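Written below as structure tokens is the structure these notes are about.
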Amino acid sequence: MIGPAVERALGPVDLLRRDVLRVLGRPLAPLWADRGLRVTLLGLVSVSLALGLAARLPLWTLAVAPLLLGVPHLVGDARYLVARQGLLPRRRVLLAALLPVAAATLLGRLDVSFAALIALALVAQAPWSRRAAVMVAGAGAAALAFTYAGVFGRAFAHGHNLVALGLWAYWARGLGRGRWLVLALVAAGVAALLGGALDGPLFRDLRAPARGLDAHALVESLALVSPWSDPLGALRQTAVFAFLQGVHYAVWLRLLPEEDRARAAPRPFASSWRALVDDLGAPFALGAAALSVAFALAAFAALASARDAYLRLALGHGTLELAVVALAWMERAPLRRASSP
Amino acid sequence: MIHSTTRSGFAVRGAVRVLLVSCVVGLAQLSAGGAARADVTPPEVEACSGRSVGASCMVPGGASGTCQSGTCTRIDYAGWNRDASAAPPTMEYPCVRCVSGAAVDGGSAVASGDEGGCAVQPGGVARAAGPWLIAALPFALLFARRRKAPSAR
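Following this line, the structure appears as structure tokens:
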């Protein structure tokens, strides 16, 4: 009932989209027809925007971006790494991956989530040697996450941003030079932030967006070095996190969907919604949409608490990404995408 | 990749097995306790979130403690004039934090000393060994399964 209503509600938006495209048709035609050109341009614009925001408004970016883009990117995780990989009918695999992640979320414990790797290795249809390797990796990660919870959690948070970028680089290998341009811009952005080239804008506004989200608190929760021993380096690392977090949202929300769509040209909004429902089911799609709106609204009411709640919800998703990659590696099944390379 | 219906019984048994393993792993890790996720507030302050002064709490290392009023210090990045000073200024603010080793007697908290100390706490060995025992569990299950069905992959 609600699913078709959403589709009908998107009708006027699609009409507006059609009119805009009619006006801008000729200049945009090459972008519409050429997926590679479009993805390269989208990638360069997204990375530049993420860098600009991270350098000029790092605290606001860290506070608000997860609440606006977090849930949609989790939907991207579920869609491109679970549903589109054909894992939904594989109930044992699904349980093995999701139960530990759900337990980790409930307990607020990252180390628990790595049980997903161990459980997946148990149920994978793969050679024993590969399963053993994944078990050892999972157990090692769990032990490290348990023993060095703070620093491991921060390193994992940084690393999970790069997992998204790595997945896109793997998927977009048909892009050729465009892929390398985007990756080079990301590397240049990280180097500029760490090297201090963007200290000017970085220090322009470090006022707390909300109580509990002051610069020190955010730096302490995200930097790999202690702000007490290296305050400047810790702040720059935090800005790098804000930058790469933005890049990873762009990957899940724009770049990977472009790569996974069978048709080269973008779809109307109603078709996109229909495709999402086909992949994940109407209840999941509607629930995710409602949750996205709820977090966005909560940002206005209680920014710090809403951010904390979202981070708790998303605690295990990085491990889920690793687990699916590990499953593909164990079963020698390349990660699928709809478009050809 | 997709299981057929002829294998549904096996799939259900497998699902139950995975569920059990996951529960065992989750419970074992829960009982091991200890590590908490990184948060935006200092962990010893987070440990007293929503608790009043004098309430019992658990410090990040896993030891028990008591919530006490105190003063916390943070770096004032927003007030850092890098042309004037190479080091950032700091500012103090009132906070309630978990102090380890404090004993509560009649409602008054008594700190026993250095909150950053490294005294061995009861259960510390179990907490440290927990993940390694958990890591060994799937191997035991895998070997047991292979011995039962040597032809199964």
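For the record, the sequence lines run as chains A and B. The first sequence runs 890 to 1230 under the working numbering. The second sequence runs 163 to 315 under the working numbering. Beta carbons: idealized from backbone N, C-alpha and C, even for Gly. As the structure is a computational prediction, the values presented were derived from the model and not from experiment.
Contact of A/Ala1151 with chain B is not assigned, every C-beta pair being separated by 9 Å or more. Its chain contains Ala986, Pro989, Val990, Thr1208 and Ala1212 as the residues whose beta carbon lies nearer than 6 Å to that of A/Ala1005, once the 5 sequence neighbours on both sides are disregarded; these appear in chain order. C-alpha of A/Arg1150 to C-alpha of A/Ala944: approximately 32 Å in a straight line. Chain B has no Cβ within less than 9 Å of the Cβ of A/Gly1084. Not a single C-beta of chain B is nearer than 9 Å to the C-beta of A/Ala1053. Ranking A/Pro1157, A/Ser935 and A/His1137 by CA distance to the CA of A/Ala898 puts A/Pro1157 first. Beyond the five residues adjoining it in sequence on each side, A/Leu933 comes within less than 7 Å, by CB distance, of Leu1070, Val1071 and Leu1074 in the same chain, given in chain order. Contact annotation: A/Val953 and B/Tyr239 have beta-carbon atoms that are not nearer than 9 Å. Beta-bridge pairing by DSSP links B/Glu254 to B/Thr235. Ranked by Cα distance from A/Val936, the first of A/Val1129, A/Ala1188 and A/Ala1153 is A/Val1129. Taken atom to atom, the span from the alpha-carbon of A/Pro1172 to that of A/Arg1163 is near 13 Å. For A/Leu977 against A/Leu970, the beta-carbon gap comes to about 11 Å, at or over 8 Å, which does not count as contact. In chain order, Arg236, Ile237, Tyr239 and Pro250 make up the part of chain B whose C-beta sits under 9 Å from the C-beta of A/Pro1116. Interface with chain B (9 Å Cβ-Cβ cutoff): A/Ala944 is excluded.
Separation of A/Leu917 and A/Leu1216 (C-alpha to C-alpha, rounded to the nearest whole angstrom) is 40 Å. Judged by DSSP in its simplified three-state form, A/Ser1110 adopts helix. Put simply, of A/Glu1210, A/Ala1106 and A/Leu996 the residue whose alpha carbon is nearest the alpha carbon of B/Arg236 is A/Ala1106.
By a beta-carbon distance limit of 8 Å, A/Leu963 contacts A/His1206. Their separation comes to about 6 Å.
The alpha-carbon of A/Arg1062 is positioned some 43 Å away from that of B/Pro205. Under DSSP, the beta-bridge partners assigned to B/Cys260 are B/Cys229. In summary, the residues of the region 1085 to 1112 of chain A whose CB is separated from some CB of chain B by less than 9 Å are Asp1088, Phe1092, Asp1094, Leu1095, Arg1096, Ala1097, Gly1101, Leu1102, Asp1103, Ala1104, His1105, Ala1106, Leu1107, Val1108, Glu1109, Ser1110 and Leu1111, in the order they occur in the chain.
In the structure shown, A/Ser937 adopts helical secondary structure according to DSSP, grouped into three states. Residues of chain A whose Cβ lies closer than 7 Å to the Cβ of B/Arg244 are, in chain order, Phe1092. Rounded to the nearest whole angstrom, the CA to CA distance from A/Ala1080 to A/Gly959 is 26 Å. Apart from the 5 residues on each side of it in sequence, A/Ala1139 sits with its Cβ closer than 6 Å to the Cβ of Ser935 in its chain, given in chain order. Residues Ala1217 of the same chain have their beta carbon placed closer than 6 Å to that of A/Leu1224, with the five preceding and five following residues left out of the count.
When the beta-carbon positions are compared, A/Leu956 and A/Ala1188 come within less than 9 Å of each other.
Scanning its chain for C-beta atoms nearer than 7 Å, with the 5 sequence neighbours on each side dropped, one finds around A/Ala1185 the residues Leu956 and Leu957, in chain order. Beta-bridge annotation (DSSP): B/Cys219 is paired with B/Gly227. For a Cβ distance threshold of 7 Å, residue set Tyr239 of chain B lies close to A/Leu1124, ordered along the chain.
Collapsing the DSSP output to three states places B/Arg244 in coil.
The Cβ atoms of B/Ser214 and B/Met220 do not sit closer than 9 Å to each other.
In this structure, the straight-line span from the alpha carbon of A/Trp949 to that of A/Leu1102 is close to 9 Å.
Counting only the Cα atoms, B/Cys257 lies some 36 Å from A/Leu1051.
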